[in-house]
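By the count of the working numbering, the sequence shown reaches residue 607 at its end, each step adding exactly one.
Input: a single structure, listed below in structure tokens.
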Amino acid sequence: MSSAFNPVVQREFFGILRSPKAFGTLLALTIAFSIAVLMRWPTDATVDLSGSQSMQVFRVFGYGLLAGVVFLVPAFPATSIVNEKNSGTLALLLNSPLSSLSIYFGKLAGVLLFAMLVLLASLPGAAACYAMGGIDLKNGLGLFYLVLTLLVLQYATLGMLVSSYVQSADAGVRLTYSIIFALFFLTLVPDAFFPGGTGVMGTIAQWARNVSPVPIVMQIMGQGGIGSRGLISTPGTFPFIVITLVSSMVFAAVTNARLNYRIFDQSRAQGVITDDRSFTARLIRRLMFVVDPQRRKPGIPWYLNPVMVKE
């Protein structure tokens, strides 16, 4: 759906671009990618026929771009819905003629457009790496940008899902990054104990390893993978693509199902009065609240009970 028929896309995308931090981040990433390539650019007249120097430049560039995607992209979807809800504009959106699906895809498209700007800012550096030679366009640069695009989609849908559950922007950002780091690193732990994918636990460990983008990125960079053991631990490109796409669709479906008036309902504990508590709980409360839990007021000496003074 184009932005001409969905005003949420324009509102979300331009709202991100108006942020000085977003512009500064894009500018900083562009400069960092260029400097990373220029620092390793050959300065003498010799030609590196082996391609090792270009691969070193590509590794610095690739890991830097991966870190930029991981640390930058999830912050905006993680606060998208909760900020709308706290400011009161989400209720207006739900009351508008737009359907919940249009609202969701409008906000998602705005985040994805900004993420595409991050990837586009890296294209000059990627072109310079490819011009040095030794890097395959399809299985090197092409596959790397495909992995980054899938990560952007997964992190955007995950961030919006978390944002639909939390009650503050800080909680949304913390929880989103915690889940992303768990998907990034903790999914590699089972494969360290059950390598090779033999047996039920080995198969589960292998599929859990395919959730993380680290093995496939290291394979693209020509480094094998974390804890690589040769042929028994080859990264799976196709399983990673399938898992990322399926998880993104599940995140999107759950978030879209929550975009209704029930999203404003918050269950609160009814509480228990003191007389309904157990004898031990009542005894502890009486002992704890004999003195004033707040700071002692001036004029009340330390040896007097402030409750007695009050009474």
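Note that beta-carbon positions come from the ideal geometry of N, C-alpha and C, so glycine has one too.
(request) Please report how far the alpha carbon of P509 lies from the alpha carbon of S459, in whole angstroms. (result) Taking the first residue of the sequence shown as position 1, residue 509 is located at position 213. Taking the first residue of the sequence shown as position 1, residue 459 is located at position 163. Per the coordinates, the alpha-carbon of P509 lies some 23 angstroms from the alpha-carbon of S459.
(message) Please tell me whether V550 and A452 are closer than 8 angstroms, where the distance is taken between their beta carbons.
(response) Along the sequence shown, read from residue 1 onward, the residue named residue 550 stands at position 254. Along the sequence shown, read from residue 1 onward, the residue named residue 452 stands at position 156. For V550 and A452, no; Cβs fall outside 8 angstroms.
(message) Which residue marks the beginning of the alpha helix (DSSP H) containing R558, and which one marks its end?
(response) Taking the sequence shown and counting its residues from 1, the one referred to as residue 558 is at position 262. It is not in any alpha helix (DSSP H) - R558 carries neither H nor E in the DSSP assignment.
(message) Does the segment 375-384 come into contact with the segment 423-436, if we say contact requires no fewer than three beta-carbon pairs (one atom in each stretch) closer than 8 angstroms?
(response) Result no; under three Cβ-Cβ pairs closer than 8 angstroms.
(request) To the nearest angstrom, report how far apart F560 and N601 are at their CA atoms. (result) As a first step, residue 560 must be located in the sequence shown, where it is residue number 264. As a first step, residue 601 must be located in the sequence shown, where it is residue number 305. Roughly 45 angstroms between the two C-alpha positions.
(request) Consult DSSP for W503 and reduce its assignment to one of helix, strand or coil. (result) Reading the sequence shown from its first residue, position 207 is the one you call residue 503. Helix.
(message) With a threshold of 6 angstroms on Cβ separation, who are the neighbours of L386 within its own chain once the five nearest residues in sequence on each side are excluded?
(response) Here residue 386 refers to the residue found at position 90 when the sequence shown is read from its first residue. Closer than 6 angstroms at Cβ, skipping near neighbours: E380.
(request) Starting from Q349, follow the alpha helix (DSSP H) in both directions and report where the run begins and ends. (result) Here residue 349 refers to the residue found at position 53 of the sequence shown. Q349: member of the alpha helix (DSSP H) spanning 348-368, first to last residue.
(message) Please tell me whether L322 and A417 are closer than 8 angstroms, where the distance is taken between their beta carbons.
(response) Position 26 of the sequence shown, counted from the first residue, corresponds to residue 322. Position 121 of the sequence shown, counted from the first residue, corresponds to residue 417. Yes, they are a contact pair.
(message) On the CB-based measure, 16 or more other CB atoms within 10 Å of its CB, does M497 come out buried or exposed?
(response) By one-based count along the sequence shown, residue 497 stands at place 201. M497 comes out exposed.
(request) Identify the continuous alpha helix (DSSP H) that holds I512 and give its terminal residues. (result) As a position in the sequence shown, residue 512 is number 216, starting the count at 1. First-last of the alpha helix (DSSP H) with I512: 510-516.
(message) Report the start-end ranges of each alpha helix (DSSP H) in the segment 392-479 that is 4 residues or longer and not cut off at the edges.
(response) Restricting attention to alpha helix (DSSP H) runs no shorter than 4 residues, the segment 392-479 encloses them at 396-417, 419-427, 439-459, ordered along the chain.
(request) For R554, collect the residues of the same chain with a Cβ closer than 7 angstroms to its Cβ; drop the 5 residues on either side in sequence, then sort them by chain order. (result) The residue you call residue 554 lines up with position 258 of the sequence shown. Within the same chain, S460 come within 7 angstroms of R554 by CB-CB distance, once the 5 residues on both sides are set aside.
(message) Beta-carbon within less than 8 angstroms of L404's beta-carbon, same chain only, minus the 5 sequence neighbours each way: which residues are those?
(response) Residue numbering aside, residue 404 sits at position 108 when the sequence shown is read from its first letter. Counting only Cβ-Cβ distances below 8 angstroms, and skipping sequence neighbours, we find P373, A452, T453, M456, A548.
(request) State the start and end residues of the unbroken alpha helix (DSSP H) segment that holds S574. (result) As a position in the sequence shown, residue 574 is number 278, starting the count at 1. From DSSP, S574 is part of no alpha helix (DSSP H); its letter is neither H nor E.
(request) Take L439 and list the residues in its own chain whose beta-carbon comes closer than 6 angstroms to its own, dropping the five residues that flank it on each side. (result) Taking the sequence shown and counting its residues from 1, the one referred to as residue 439 is at position 143. Here the set comprises I516.
(message) Alpha carbons only, please: which of L449, V448, G421 is nearest the one belonging to L609?
(response) Here the chain has residues from 297 to 607 only, and residue 609 is not among them.
(request) Following the continuous alpha helix (DSSP H) through S330, name the residue where it begins and the one where it ends. (result) Within the sequence shown, numbered from 1, the residue matching residue 330 stands at position 34. Unbroken alpha helix (DSSP H) run through S330: 316-335.
(message) Cutting at 8 angstroms between CB atoms, please list the residues of its own chain near G360, excluding the five before and the five after it.
(response) Counting from one through the sequence shown, the residue named residue 360 turns up at place 64. Around G360: A328, F329, A332.
(request) Might you give, ordered along the chain, the residues of its own chain that have their beta carbon closer than 6 angstroms to the beta carbon of L449, omitting 5 neighbours on each side? (result) The residue you call residue 449 lines up with position 153 of the sequence shown. Excluding residues up to 5 positions away in sequence, S544 lie with their Cβ nearer than 6 angstroms to the Cβ of L449 in the same chain.
(request) Please name the residue in I476, F477, V538 whose C-alpha comes closest to that of W503. (result) For the purposes of this step, residue 503 is taken as the residue at position 207 of the sequence shown. Comparing Cα positions, the closest option is V538.
(message) Taking 8 angstroms as the threshold (C-beta atoms), are V365 and V414 in contact?
(response) Position 118 of the sequence shown, counting from 1, holds the residue named residue 414. Position 69 of the sequence shown, counting from 1, holds the residue named residue 365. Going by C-beta atoms, V414 is nearer than 8 angstroms to V365.
(request) Compute the minimum distance between the beta carbon of D432 and the heavy atoms of the ligand NAP, and state whether it is under 7 angstroms. (result) This structure lacks the ligand NAP, and indeed carries no ligand of any kind.
(request) Go ahead and label D487 buried or exposed: buried means 16 or more other beta carbons lie within 10 angstroms of its beta carbon, across all protein chains shown. (result) If you number the sequence shown from 1, residue 487 lands on position 191. The Cβ neighbour count for D487, taken over all protein chains shown within 10 Å, is at least 16; the residue is labelled buried.
(request) Assign Q306 to one of three DSSP states: helix, strand, or coil. (result) For the purposes of this step, residue 306 is taken as residue 10 along the sequence shown, with counting starting at 1. In the three-state scheme derived from DSSP, where H, G and I count as helix and E and B as strand, Q306 is classed as helix.
(request) Measure from the alpha carbon of E419 to the alpha carbon of each residue in G532, M514, L444, then state which is nearest. (result) Position 123 of the sequence shown, counting from 1, holds the residue named residue 419. The displayed chain sequence assigns Leu, not Glu, to residue 419. Looking at the Cα atoms, L444 is the closest of the given residues.
(request) Tell me whether P373 sits in a helix, a strand or coil according to DSSP, three-state version. (result) The residue labelled residue 373 in the question sits at position 77 within the sequence shown. Residue state, collapsed to three classes: helix.
(request) Under 6 angstroms Cβ to Cβ from F490, same chain only, skipping five residues before and after it: list those, please. (result) Here residue 490 is taken as the residue at index 194 of the sequence shown, counted from 1. M497, G498, A501, listed in sequence order.
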